[in-house]
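Colleague:
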Amino acid sequence: MKKYNVFKVLVIAMLAAIAISFLIPQSTIGYTGIEKGKINPITLIDLLSNGLTSLSVFVEAFVYILMIGVFYSVVKKTGKYEAVINNTAVKFKNNRKVFAIVSILTFGLLTAVIGNVLPMLIFAPAFVDVAKELKYNSKKAVLSTVGAIIIGNAGSLYTIYANQMLGLKISANIIAKLIILVVSLTALILFVVLGEKTKQVRLEKEEVKKGLPLSIVFDIILALLIVGMVPWNAYFGFEGFDNFHKAITEFKVFDVSLFTSVVGKSITAFGTWTIYSLSIVLAIASIVIAFIYKIKIDGYFEAVANGIKKSISYALIYVFSNVILISVYSSGFFTTVITSVGKMKDSILSSSTVSALSSLVYPDYAYASQFTIQTLASTLSNTAIFKVLALIFQSMYSLLLLVSPTSILLLMALRYENISYKNWIKYIYKFFIGLLIVYFMIIMIVGGKYVKTISYVVLAVLVVILVLFFVLCKGKKEEIKVEVKEEPKKEVTKKTSSSKKTSSKKTTTKKK
1312 MKKYNVFKVL VIAMLAAIAI SFLIPQSTIG YTGIEKGKIN PITLIDLLSN
1362 GLTSLSVFVE AFVYILMIGV FYSVVKKTGK YEAVINNTAV KFKNNRKVFA
1412 IVSILTFGLL TAVIGNVLPM LIFAPAFVDV AKELKYNSKK AVLSTVGAII
1462 IGNAGSLYTI YANQMLGLKI SANIIAKLII LVVSLTALIL FVVLGEKTKQ
1512 VRLEKEEVKK GLPLSIVFDI ILALLIVGMV PWNAYFGFEG FDNFHKAITE
1562 FKVFDVSLFT SVVGKSITAF GTWTIYSLSI VLAIASIVIA FIYKIKIDGY
1612 FEAVANGIKK SISYALIYVF SNVILISVYS SGFFTTVITS VGKMKDSILS
1662 SSTVSALSSL VYPDYAYASQ FTIQTLASTL SNTAIFKVLA LIFQSMYSLL
1712 LLVSPTSILL LMALRYENIS YKNWIKYIYK FFIGLLIVYF MIIMIVGGKY
1762 VKTISYVVLA VLVVILVLFF VLCKGKKEEI KVEVKEEPKK EVTKKTSSSK
1812 KTSSKKTTTK KK
């Protein structure tokens, strides 16, 4: 099988950023507003120092990805993982489409509620493996897991970064977000399921001893993820978890807190967990699994080392992608791009364009929100548009992560399933353009009074492009069908005529 190295995509993206940094001057946000400066190119020395900066800044995500690798390595060490995956697939073998729907809704809805793309990454490998057992191709397996995470973030209900930057409440744009979420997930389900042909999946349930504890561990991790990561207080004003955490941490014996002495201070209250908390959960889960399945100490550490070895490349994708973020921000040329595009009269179109471009140079959502929205807000003269701006950035930025060459989750998924970036674009582009049109229409409705004629022109152009793509693709398919139908018929007729001649010869010889 041909190996596709996604690091080549990152290198090309970095080279493009370096080239642009030699062409566009930097800009900075000063006390008096946006201040333009000179050309500030990205150098090789910058890349080295920015690599170390990226590792230190994103060390929590780096460790989290390694812990996912360690967890799955220990799970596979038990020898039960393949059987559990097989038996899960058996439950859906008579209705494969149901599994795709369950996968998309699980990843999409939980990501939307949590407001973070990383937590659900824990379950992506398992769901992809089940999808492959059900004879889904690699692209659909990736789209129904990682693709659903990205789409879920586009309609996320909890976008603390953008809202904080613009001084908005969590409930801002809630109706529009729900519409985007429902439409996006429905479109994703239809795209994956409708084109899927009915296939016979020959799977039989395997008799596996002690397979249940493994399934229970996955269920407990999911439950802890939901309880720990969903912001209960922010959504519903529920302070029960905060009060409970305060009570157990303040409980002391001989003036010593038992909870902090045993667990430590890193575990915060439910509803305020970070991916660091999930890393601890995965570490404990791997130890529990090793204990249940009686994996020896040497075998456990061998599995840990093997897990780190296999997952280190995925963790480096996170670091290298954000080297681009740090380099571009330090160079300051994208700030110039934001201020130049932001001065357009049509604030809806300019904000959408900037948000889309931001996904190419700022792969991390939190920092992208801070750097992009802060600059764009300084450029826009009308502060009343800030509410619409939060929706624009969240939806457009997230959507572009489906095709961006610096999209961290996408690159990790492509590497996991050995899919080339080029083939992925060929697969996803029509779905992407379709959602782009829908998102832009929703944004135009929400920010109707800020829309200018140019936005309608751009929307019309996008629709025409999508229609042309469908017409051209349909024409190509019809040509292929005609060729496939005609050629075999000619061969068959030739073979039959020749076979008749040989059979007649045989009969004549027999008669003689």
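Residue numbers for the sequence shown follow this note's numbering, so the first one is 1312 and each next one is one higher. Don't be surprised by glycine CBs; every beta carbon is placed ideally from N, CA and C. On a predicted model such as this, the values are computed, not experimentally measured, just so you know.
1) In three-state DSSP terms, what is LYS1520?
2) In three-state DSSP terms, what is VAL1457?
3) In chain order, what residues of the same chain have a beta carbon less than 6 Å from the beta carbon of LYS1733, not counting five sequence neighbours either side?
4) Alpha carbon to alpha carbon, how far is ILE1345 from LYS1450? Give it in angstroms, no decimals.
5) Taking the continuous beta strand (DSSP E) assigned at GLY1745, which residues delimit it?
6) Give every residue of the same chain whose Cβ lies closer than 7 Å to the Cβ of ALA1487, excluding the five residues on either side of it in the sequence, and list them in chain order.
7) Counting C-beta neighbours from all protein chains within 10 Å, is the total for ASP1530 16 or more, i.e. buried, or is it exposed?
8) Taking THR1646 as part of the alpha helix (DSSP H), name the residues at either end of that continuous run.
9) For a quick check, are the C-beta atoms of LEU1777 and ILE1736 less than 8 Å apart?
10) Between ILE1323 and chain B, is the shortest Cβ-Cβ distance under 8 Å, so that the two count as touching?
11) Evaluate contact between the region 1379–1398 and the region 1347–1360, counting only Cβ atoms and requiring at least three cross-stretch pairs below 8 Å.
12) Round the Cβ separation of LEU1671 and SER1715 to the nearest angstrom and send it over; I've been treating them as touching at under 8 Å.
13) Within a Cβ cutoff of 8 Å, which residues of the same chain sit near LYS1557, ignoring the five residues on either side of it in sequence?
14) Apart from the five residues on each side of it in sequence, which residues of its chain come closer than 6 Å, Cβ to Cβ, to VAL1762?
15) Helix, strand or coil for ILE1531? Go by DSSP, reduced to three states.
16) What does the alpha-carbon distance come out to for the pair ILE1586 and VAL1665?
17) What residue from SER1624, GLY1759, ILE1537, GLY1463 has the CA that sits closest to MET1707's CA?
18) Assuming SER1680 and TYR1472 are in contact, meaning their beta carbons sit under 8 Å apart, how far apart are those beta carbons, in whole angstroms?
19) What is the DSSP secondary structure of ILE1433, counted as helix, strand or coil?
20) Give me the Cα-Cα distance between THR1389 and SER1689, rounded to the nearest whole angstrom.
21) With C-beta atoms as the reference, is TYR1831 less than 8 Å away from ILE1340?
22) Does DSSP put THR1339 in a helix, a strand or coil?
23) Going residue by residue through the region 1324–1402, where are the continuous alpha helix (DSSP H) segments of at least 4 residues, counting only ones entirely within it?
24) How many angstroms separate the CA atom of ALA1614 from the CA atom of ALA1594?
25) So SER1332 and PHE1644 are supposed to be a Cβ contact under 8 Å. How far apart are they, rounded?
26) State the start and end residues of the unbroken alpha helix (DSSP H) segment that holds ALA1596.
27) Got a sec? Which residues, its chain only, sit under 7 Å from SER1526 by beta carbon, not counting five neighbours each side?
28) Buried or exposed for LEU1421, going by 16 or more other Cβ atoms inside 10 Å?
29) Closer than 8 Å is the cut-off here; do at least three beta carbon pairs connect the region 1516–1526 with the region 1590–1605?
30) As a quick exercise: from LYS1446, VAL1494, PRO1430, pick the residue whose alpha carbon is nearest that of PHE1742.
31) Between which two residues does the alpha helix (DSSP H) harbouring ASN1554 extend?
32) Answer yes or no: do SER1455 and ILE1415 have a C-beta to C-beta separation smaller than 8 Å?
33) According to DSSP, is VAL1504 helix, strand or coil?
34) In chain order, what residues of the same chain have a beta carbon less than 7 Å from the beta carbon of ILE1532, not counting five sequence neighbours either side?
Modeller: Answer, in terms of the structure:
1) As a first step, residue 1520 is located in the sequence shown; it is residue number 209 there, counting from the start. The answer is coil: DSSP assigns LYS1520 none of H, G, I, E or B.
2) The residue you call residue 1457 lines up with position 146 of the sequence shown. Three-state result, VAL1457: helix.
3) Position 422 of the sequence shown holds residue 1733. Spatial neighbours of LYS1733 in its own chain (CB-CB distance under 6 Å, excluding positions within 5 residues in sequence) are not present.
4) Here residue 1450 corresponds to residue number 139 of the sequence shown, with the count starting at 1. Here residue 1345 corresponds to residue number 34 of the sequence shown, with the count starting at 1. Rounded to whole angstroms, LYS1450 to ILE1345 spans 43 Å at the Cα level.
5) Taking the sequence shown and counting its residues from 1, one reaches residue 1745 at position 434. Membership of GLY1745 in any beta strand (DSSP E) is not indicated; the residue belongs instead to the alpha helix (DSSP H) covering 1732–1757.
6) Residue mapping note: residue 1487 aligns to position 176 of the sequence shown, counting from 1. These residues qualify, in order along the chain: LEU1702, ILE1753, VAL1757.
7) By one-based count along the sequence shown, residue 1530 stands at place 219. When all chains shown are included, ASP1530 counts as exposed.
8) One-based indexing of the sequence shown puts residue 1646 at position 335. THR1646 -> alpha helix (DSSP H) spans 1644–1653.
9) Looking up residue 1777 in the sequence shown gives position 466. Looking up residue 1736 in the sequence shown gives position 425. Result no, Cβ atoms of LEU1777 and ILE1736 do not sit closer than 8 Å.
10) Considering every chain present, this structure includes no chain B. It has just one protein chain.
11) Segments in contact, no.
12) On the sequence shown, residue 1671 is found 360 positions in, with the first residue counted as 1. On the sequence shown, residue 1715 is found 404 positions in, with the first residue counted as 1. Indeed they touch by this definition, with Cβ atoms about 5 Å apart.
13) Taking the sequence shown and counting its residues from 1, one reaches residue 1557 at position 246. If the five residues before and after LYS1557 are omitted, its C-beta is found closer than 8 Å to the C-beta atoms of ALA1580, all from its own chain and listed in chain order.
14) Translated into the one-based positions of the sequence shown, residue 1762 becomes position 451. Close CB contacts of VAL1762 within its chain, under the 6 Å cut and outside five residues either way in sequence, are with ILE1659, MET1755 (chain order).
15) Working through the sequence shown from its first residue, we reach residue 1531 at position 220. In the three-state reduction of the DSSP assignment, ILE1531 falls in the helix class, which pools H, G and I.
16) Residue 1586 sits at position 275 when you count from the first residue of the sequence shown. Residue 1665 sits at position 354 when you count from the first residue of the sequence shown. Rounded to whole angstroms, ILE1586 to VAL1665 spans 29 Å at the Cα level.
17) Here residue 1707 refers to the residue found at position 396 when the sequence shown is read from its first residue. Nearest option by C-alpha distance: GLY1463.
18) Against the sequence shown, residue 1680 aligns to sequence position 369. Against the sequence shown, residue 1472 aligns to sequence position 161. Confirmed, about 4 Å.
19) For the purposes of this step, residue 1433 is taken as the residue at position 122 of the sequence shown. DSSP places ILE1433 in helix when its eight states are reduced to three.
20) Numbered from its first residue, the sequence shown carries residue 1389 at position 78. Numbered from its first residue, the sequence shown carries residue 1689 at position 378. Their backbone Cα atoms lie some 56 Å apart in a straight line.
21) In the structure as shown, the chain starts at 1312 and stops at 1823, and residue 1831 therefore has no counterpart that could be examined.
22) Counting from one through the sequence shown, the residue named residue 1339 turns up at place 28. DSSP, read as helix, strand or coil, puts THR1339 in strand.
23) Within the region 1324–1402, complete alpha helix (DSSP H) segments of at least 4 residues are found at 1355–1368, 1370–1388, 1392–1401, given in chain order.
24) By one-based count along the sequence shown, residue 1614 stands at place 303. By one-based count along the sequence shown, residue 1594 stands at place 283. Roughly 12 Å separates the two Cα atoms.
25) Here residue 1332 refers to the residue found at position 21 when the sequence shown is read from its first residue. Here residue 1644 refers to the residue found at position 333 when the sequence shown is read from its first residue. Their Cβ separation, rounded to whole angstroms, is 5 Å, which keeps SER1332 and PHE1644 in contact under 8 Å.
26) Residue mapping note: residue 1596 aligns to position 285 of the sequence shown, counting from 1. In this chain, the alpha helix (DSSP H) harbouring ALA1596 covers 1586–1603.
27) One-based indexing of the sequence shown puts residue 1526 at position 215. These residues qualify, in order along the chain: VAL1395.
28) Taking the sequence shown and counting its residues from 1, one reaches residue 1421 at position 110. Burial state of LEU1421 is buried, judged by a 10 Å Cβ sphere holding 16 or more other Cβ atoms.
29) Touching, yes, given that three or more Cβ pairs across the two stretches are closer than 8 Å.
30) Along the sequence shown, read from residue 1 onward, the residue named residue 1742 stands at position 431. Of the candidates LYS1446, VAL1494, PRO1430, the one whose C-alpha sits nearest the C-alpha of PHE1742 is VAL1494.
31) Here residue 1554 corresponds to residue number 243 of the sequence shown, with the count starting at 1. In the DSSP assignment, ASN1554 falls within the alpha helix (DSSP H) that extends over 1551–1561.
32) Residue 1455 sits at position 144 when you count from the first residue of the sequence shown. Residue 1415 sits at position 104 when you count from the first residue of the sequence shown. Yes. Within cutoff.
33) Sequence index remark: in the sequence shown, residue 1504 carries index 193 (1-based). Looking at VAL1504 - three-state DSSP - the assignment turns out to be helix.
34) In the sequence shown, residue 1532 corresponds to position 221, counting from 1. Hits under 7 Å: ILE1433, VAL1592, ALA1596.
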